[in-house]
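Line order of the protein sequences matches chains B and U. Residue 370 is where the first sequence starts when you use the working numbering, and the numbers rise one by one after that. Residue 370 is where the second sequence starts when you use the working numbering, and the numbers rise one by one after that. Beta carbons are placed, not taken as given, at the ideal position from N, Cα and C, and that holds for glycine. Data first, discussion second: the structure below is written as structure tokens.
There are 2 protein chains.
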Amino acid sequence: MSDSSQDWLPKVDLDSEAVIEEDYSLAPELVETVREMLEEERIDSVQQVLEPLHVADVADLLEYLTKDELQLVIKGLWSFIDSEVLTYLDAAVREEVIDLLGPRQLARAVSELDSDDAVEVFEDLDEEAQHRILSRLPQAYRTLLEESLTYPEDSAGRLMQREMVVIPSAWSVGETIDHMRESDDLPDDFYDLFIVNPKHKPIGFVPLSRVLRTKRPVRLTEIMDTELKLIPLTMNEEDVAYTFRQYGLVSAPVVDEVGRLVGVITIDDVVRVIDEVAEEDLMKLGGLGESDLYNDFLETVRARSPWLVVNLGTAILASLVIGLFEGTIEKVVALAVLMPIVASMGGNAGTQTLTVAVRALAMKDLSSANAWRFINKELVVGVFNGVLFAVITGALAWYWFGRPEIGLVIGAAMVVNLIVAGLGGTLIPIGLDRVGVDPAIASTVFLTTVTDVIGFFAFLGLAAAFLM
Amino acid sequence: MSDSSQDWLPKVDLDSEAVIEEDYSLAPELVETVREMLEEERIDSVQQVLEPLHVADVADLLEYLTKDELQLVIKGLWSFIDSEVLTYLDAAVREEVIDLLGPRQLARAVSELDSDDAVEVFEDLDEEAQHRILSRLPQAYRTLLEESLTYPEDSAGRLMQREMVVIPSAWSVGETIDHMRESDDLPDDFYDLFIVNPKHKPIGFVPLSRVLRTKRPVRLTEIMDTELKLIPLTMNEEDVAYTFRQYGLVSAPVVDEVGRLVGVITIDDVVRVIDEVAEEDLMKLGGLGESDLYNDFLETVRARSPWLVVNLGTAILASLVIGLFEGTIEKVVALAVLMPIVASMGGNAGTQTLTVAVRALAMKDLSSANAWRFINKELVVGVFNGVLFAVITGALAWYWFGRPEIGLVIGAAMVVNLIVAGLGGTLIPIGLDRVGVDPAIASTVFLTTVTDVIGFFAFLGLAAAFLM
């Protein structure tokens with residue numbers, strides 16, 4: 370973007386320079402400025418910086434600070450910061466902030482949040498801390514939160530907000546508008562009105578835009594959409610995200626076991642879930658539990674080493690396979706030079722297939738209705754790539770070591786391993802999913818173990834059989 | 370979920386069994402049923418199955434079909450299918466459907482779509498096909514689409530819809546509601562009203578829920594929120610997604626170079642972008658360009674082989690390094706057995722760090738404000754893990770081959786490679802991002818090349834120096 374276009378872009382009125390970039394990310398200079406101010410203990414200046422910022426940007430700023438800097442800001446300026454900042458913070462940083470706040474301050478902050486946001490903050494606390502905060506809250510709100518916390522983690526019950534607009538089926542557009550003009554305990558933002566029958570079961574919804582377009586005497590039941598996508602309280606949040614995405618929803622009614630309306634889930638919470646789930650899958654495929662960007666050294670090591678231990682195990686397994694052929698390698702040392710190629714190609718081809726499969730399973734694009742077609746395609750791709758790379762690698766090995774039989778052996782091993790990679794890349798994630806194990810978390814380890822073991826075994830085994 | 374809870378869940382009224390699962394995914398049995406019907410050429414029965422389905426579920430069903438089955442459905446039943454299905458289809462399947470439709474049918478379908486959806490369909494067509502369709506559209510709509518297509522791909526201009534509700538700054542709540550009740554060219558769904566000044570520049574917005582809560586005589590300018598997050602026409606769609614996510618928006622105004630309101634982006638389009646971007650990053654890290662679940666064999670091979678060729682190149686590079694030490698391996702064959710362990714651990718530890726970095730860069734959580742802190746942490750993690758796994762692996766190698774000096778060599782190589790992994794996992798993606806290359810696409814190849822080459826070189830080099 371050219372410089373001349375900047376003047377029509379939104380600017381925050383912090384008189385000096387822009388603190389929010391053109392793409393709405395936080396200017397690194399702002400973080401530097403705040404850091405300097407904190408070093409010089411000019412806490413009032415920091416307050417002036419924070420004042421015009423959106424709460425989401427304040428959260429970003431806090432995430433950039435070191436523990437000591439964070440402590441200075443929270444201790445000195447918490448009363449000037451919107452409590453909602455807690456919901457915008459990364460979990461690791463939120464925990465730090467919560468530790469810095471006393472129970473009194475935290476209780477007040479929680480009481481200012483919508484119920485769904487409050488539950489999110491509560492989830493991270495241990496039971497004792499939860500209890501300490503709950504005991505300081507007004508009784509009605511306390512009961513509400515306690516109830517929310519009884520729902521399973523990552524369920525619709527935790528995600529929903531209890532504040533909602535419920536319209537009896539007899540009301541007209543006019544009555545509804547009048548009710549809303551007089552009522553003062555409505556949620557901050559809502560996008561649909563849910564119509565319930567006398568048993569409090571949702572029977573339809575009307576988007577607000579339709580309410581505004583309709584004349585006063587018309588009954589809501591006449592303009593409502595009855596194709597409701599009900600969300601059961603116990604539905605998994607990934608399935609909630611799927612439902613919103615599939616049907617383009619902006620809000621959806623949550624119902625209890627007997628079908629009564631108990632809450633509403635809105636798109637903002639769902640976007641958060643979509644982000645979290647995508648991040649989790651990415652991290653699991655990368656061999657981590659979750660992103661640890663904001664975790665300190667110790668937490669990071671503690672979270673990552675178990676995965677490395679598992680990898681060490683599979684690497685040792687591969688070494689054991691190689692160990693079976695020590696005698697062969699001793700005689701034809703070219704085998705040691707070439708053997709990583711077969712294993713590496715298998716691992717990469719398999720990872721390609723695996724990645725497609727894991728994502729498709731997560732997005733419900735891969736099911737028993739098309740699994741065999743997918744497996745079949747990947748098998749054919751494996752055969753084709755196997756032959757293709759067998760020819761290339763075989764020719765290369767022949768040229769390199771001047772022995773055509775080494776080319777033949779590596780070519781044959783390549784075909785075997787790329788077919789195994791195609792099958793492993795499909796069958797492993799589909800199989801794990803079928804038995805209820807998250808395919809993102811365990812597939813990679815299984816797959817690379819298979820392609821390493823088979824890769825080394827096929828190459829060295831064929832060499833032992835035909836070159837000796 | 371127990372069986373007894375099913376009766377309060379939504380059911381589609383296709384008299385026999387449920388066709389949509391509890392989690393709103395398509396029942397595999399439904400796909401089977403449709404398949405059988407198609408085989409028996411009972412196209413009317415298929416129509417009855419499609420009839421009650423939401424258009425998103427119809428799209429899923431079409432995605433599950435083979436090319437021949439798809440042809441039967443499109444040729445026979447297109448007139449019964451909502452044109453909007455085009456926007457729900459995966460790009461590969463959409464292309465097939467478009468090929469099956471003639472220009473006349475496609476033109477009619479496009480003319481029924483909102484402008485943003487129409488642009489999405491158009492993007493996939495070649496210029497000649499675009500022209501053929503455009504010439505059949507009404508002039509006004511044609512001009513609108515042609516203009517949208519002049520904006521860069523993946524920009525806000527392509528994402529926005531041109532249909533919107535614009536309110537002059539003088540209007541009251543009552544006037545606004547009256548206007549909407551009489552107007553019949555409003556978009557299907559909208560969530561905010563944008564207030565413009567006489568120059569057509571947005572000066573604020575009012576969420577519909579606030580309009581409904583406010584009494585008729587109140588001016589919109591009195592209740593509007595002036596903290597507008599303006600989206601420039603040329604803003605990248607990833608930045609648009611960031612802006613929505615950051616500020617919890619459900620819709621945002623798009624402005625041209627002089628700041629005039631030209632369109633609106635709504636949350637449903639942003640959710641699609643979030644999904645696409647997350648999927649792309651996942652695929653790139655897995656060594657693919659994009660998901661090819663629905664692509665046929667040839668397309669799949671064509672898209673994946675280049676990545677495998679690159680991988681073959683890096684594998685050969687690693688082999689060349691091993692080749693330097695043929696003499697050493699010939700004398701101590703245990704080295705060939707153990708050498709994959711060092712490379713594999715480096716690759717995995719590096720991938721962990723890399724995954725965190727790539728995701729954090731994509732989410733704008735990693736910037737120059739905290740890059741050094743992150744690099745520093747990963748360096749310390751690398752040193753720690755290096756020492757930890759050096760001890761484990763060293764002891765193991767000693768025990769296995771009965772030679773303590775082999776344990777020392779593998780331990781030292783492990784420390785070196787895990788430090789390199791930590792540095793590579795941070796510096797490579799941050800560096801690529803700094804020079805404007807997508808870190809997701811190229812980081813993995815760079816990193817594994819580095820950890821393989823350094824892994825083999827450190828291990829075999831140290832062995833050559835100290836064991837000979």
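| query | result |
| --- | --- |
| Contact list for E695/U against chain B, beta-carbon separation under 9 Å | V702, A703, A705 and V706 |
| 8 Å contact criterion, which G751/B and L792/B should meet: CB distance rounded | 7 Å |
| Supposed contact pair G794/U and G780/U - C-beta distance, whole angstroms, cut 8 Å | Contact doesn't hold; Cβ gap of about 21 Å is too wide. |
| C-beta neighbour in chain B for W741/U, strict 8 Å | no |
| Within 7 Å of chain B by C-beta, residues of the stretch 416 to 431 of chain U in sequence order | H423 and A425 |
| Proximity below 8 Å, CB of I600/B to CB of T612/B | yes |
| Beta-carbon neighbours of I691/B, restricted to chain U and to distances below 8 Å | A705, V706 and P709 |
| Partners in chain B for T724/U, counting only beta-carbon separations shorter than 7 Å | L651, M652, G655 and L657 |
| Cβ-Cβ distance between D821/B and G716/B below 8 Å | yes |
| Coil, strand or helix - L618/B by DSSP | coil |
| Simplified DSSP state of N739/B, which is helix, strand or coil | coil |
| Length of the line joining the Cα atoms of L562/U and Q508/B | 38 Å |
| CB contact flag (E532/U, D483/U, <8 Å) | yes |
| Beta-carbon proximity list for G719/U, same chain, < 6 Å, skipping 5 on both sides | A790, G793, G794, L816 and T820 |
| DSSP beta-bridge partners of R588/B | S541/B |
| Close Cβ partners of N566/B (< 6 Å) along its chain, the five nearest in sequence each way excluded | S538 and I572 |
| Contact belief for I564/B with M593/B at Cβ below 8 Å, rounded distance in angstroms | 5 Å |
| Contact under 8 Å by Cβ, D402/B with V418/B | According to the sequence provided, residue 402/B is Thr. The question's Asp does not apply to it. Yes. |
| T590/B versus N745/B, G543/B and I710/B, residue with shortest Cα-Cα distance | G543/B |
| Between the CA atoms of K733/U and G445/B - distance to the nearest angstrom | 27 Å |
| Neighbourhood of T545/U by C-beta, 8 Å cutoff - its chain only, sequence neighbours within 5 removed | I536, L562, V580 and L589 |
| Of the listed residues R501/B, M604/B and V587/B, nearest to S541/B (C-alpha basis) | V587/B |
| C-beta atoms of K746/B and F666/U nearer than 8 Å | yes |
| Nearest-angstrom beta carbon gap, N754/B and L787/B [assumed within contact, 8 Å] | 5 Å |
| Per-residue burial, V639/B [other beta carbons within 10 Å of its own, 16 or more giving buried] | buried |
| is_contact[M714/B, chain U] using C-beta, thresh 8 Å | yes |
| Alpha carbon of D459/B to alpha carbon of R614/U, nearest angstrom | 14 Å |
| Test: I643/U CB closer than 8 Å to a CB of chain B | yes |
| Cβ neighbour criterion (16 or more within 10 Å) applied to G617/B | buried |
| Nearest-angstrom Cα separation, counted from Q474/B out to A468/B | What sits at residue 468/B in the sequence shown is Asp, not Ala. Taking the straight line from one Cα to the other gives about 11 Å. |
| Short Cβ contact (8 Å threshold) for I761/U with W767/U | no |
| Same chain, Cβ closer than 6 Å to G526/B, five either side skipped, listed in chain order | Y520 and L602 |
| Proximity of S688/B and V706/U at Cβ, strictly below 8 Å | yes |
| Alpha-carbon to alpha-carbon, D392/B and V642/U | 16 Å |
| Residue-chain proximity (Y393/U, chain B), Cβ-Cβ < 8 Å | yes |
| Neighbourhood of V549/B by C-beta distance below 8 Å, restricted to the same chain and skipping five residues each side | For the record, residue 549/B in the displayed sequence is Met; it is not Val. For M549/B, where only same-chain residues beyond five positions count, the Cβ hits under 8 Å are V534 and L555. |
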